[in-house]
Amino acid sequence: MSDTLPQPPIDRLLAIMARLRDPQSGCEWDLAQDFASIAPYTIEEAYEVADAIARGDMADLREELGDLLLQVVFHARMAEEAGHFAFDDVAASISTKMEARHPHIFGDAGGTMDEARWEDLKARERSAKGVASALDGVALALPALMRAEKLQKRAARTGFDWPDPSGSEAKIAEEIAELKQATSDQDQVEEAGDLLFAVVNFVRAHGISAEEALRAANAKFERRFRAMEAIGGPEHFAGLSLEAQEELWQQVKKS
Numbered sequence: 001m002s003d004t005l006p007q008p009p010i011d012r013l014l015a016i017m018a019r020l021r022d023p024q025s026g027c028e029w030d031l032a033q034d035f036a037s038i039a040p041y042t043i044e045e046a047y048e049v050a051d052a053i054a055r056g057d058m059a060d061l062r063e064e065l066g067d068l069l070l071q072v073v074f075h076a077r078m079a080e081e082a083g084h085f086a087f088d089d090v091a092a093s094i095s096t097k098m099e100a101r102h103p104h105i106f107g108d109a110g111g112t113m114d115e116a117r118w119e120d121l122k123a124r125e126r127s128a129k130g131v132a133s134a135l136d137g138v139a140l141a142l143p144a145l146m147r148a149e150k151l152q153k154r155a156a157r158t159g160f161d162w163p164d165p166s167g168s169e170a171k172i173a174e175e176i177a178e179l180k181q182a183t184s185d186q187d188q189v190e191e192a193g194d195l196l197f198a199v200v201n202f203v204r205a206h207g208i209s210a211e212e213a214l215r216a217a218n219a220k221f222e223r224r225f226r227a228m229e230a231i232g233g234p235e236h237f238a239g240l241s242l243e244a245q246e247e248l249w250q251q252v253k254k255s
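What the sequence shown shows, in my numbering, is residues 1 to 255, in sequence order.
See below:
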């Protein structure tokens, strides 16, 4: 009987990734990857985690969290091979950051955590890194609606914001008019972007996350549209007149 203790799961995963990236005996696909080629998979896995949560599927959530963890291990392994940092450095870095961001738990600061205090702590971190703008650190890869909201929140902390929702409401009307008047494709794209940015601002003024609101609207539309197809018959629905489709839409809404 062996006295060898079972390998901790995280050590097993790190060993698997090291084997996959072994220059002599590793997997061809894994060896061909770099940070840029893996980044889209990392983003995709994060969305799949969110999807499992939205569906309340705990078995799937466990699997998707594993897939997301694999992405962290993959990036850390490539960084270690290049001599930048290793997985332990990643874990140590986030541990230090979380302790620093919770001085009322791990220090003697006292009090409770709220959004203002959290943002102040993060602002101090950015200042320590030597950031030059209040907008520094808002990731380019964020979904556009989410990034718009974060940019607006950062700007608002400097005082650059409408005092009440009426300002952003008027801005929406202004941007709609400018979009209607735009003639070139470039101008239309620019004005459409300005309109969407203004809508995010208006929604944010009401304390609503634009990203979450649009996700909910997408889900509602998909649910209602599928119900319309089911009632009208998937094979016949596209052939119905707009009036007939609208009648089905109203029927689904009432039900």
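Where is the CB? At the ideal position from N, CA and C, for every residue including glycine.
Asked: Distance, D187 Cα to G83 Cα; Found: 47 Å
Asked: Residue span of the alpha helix (DSSP H) that contains T96, given as start and end; Found: F87 to A100
Asked: Bounding residues of the alpha helix (DSSP H) (the contiguous stretch that carries R62); Found: M58 to E81
Asked: Residues near E149 by beta carbon distance below 6 Å, same chain, minus five either side; Found: V200, R204 and A210
Asked: Helix, strand or coil at R215 according to DSSP, with G and I counted as helix; Found: helix
Asked: Sequence-distant residues of the same chain with beta carbon closer than 6 Å to A182, five excluded per side; Found: Q188 and E191
Asked: Secondary structure of K308, DSSP reduced to three states; Found: No answer is possible for residue 308: it lies beyond the span of the chain, which begins at 1 and ends at 255.
Asked: Beta-carbon proximity of D34 to M78, cut-off 8 Å; Found: yes
Asked: Buried or exposed by the 16-neighbour rule on C-beta atoms within 10 Å, applied to Q24; Found: exposed
Asked: N-terminal and C-terminal residue of the alpha helix (DSSP H) that V138 is part of; Found: First-last for V138: undefined, no H or E at that position.
Asked: Close-in-space but distant-in-sequence residues of the same chain around E64 (CB under 6 Å, 5 per side omitted); Found: E48, V49 and A52
Asked: Endpoints, alpha helix (DSSP H) assigned at G193; Found: D185 to A205
Asked: Neighbourhood of F106 by C-beta, 7 Å cutoff - its chain only, sequence neighbours within 5 removed; Found: E99
Asked: Alpha-carbon to alpha-carbon, T4 and N141; Found: The sequence shown places Ala at residue 141, not Asn. Near 45 Å, if we compare the C-alpha coordinates of T4 and A141.
Asked: D283, DSSP secondary structure in three states; Found: This structure does not reach residue 283, given that the chain is present from 1 up to 255, and the question cannot be answered.
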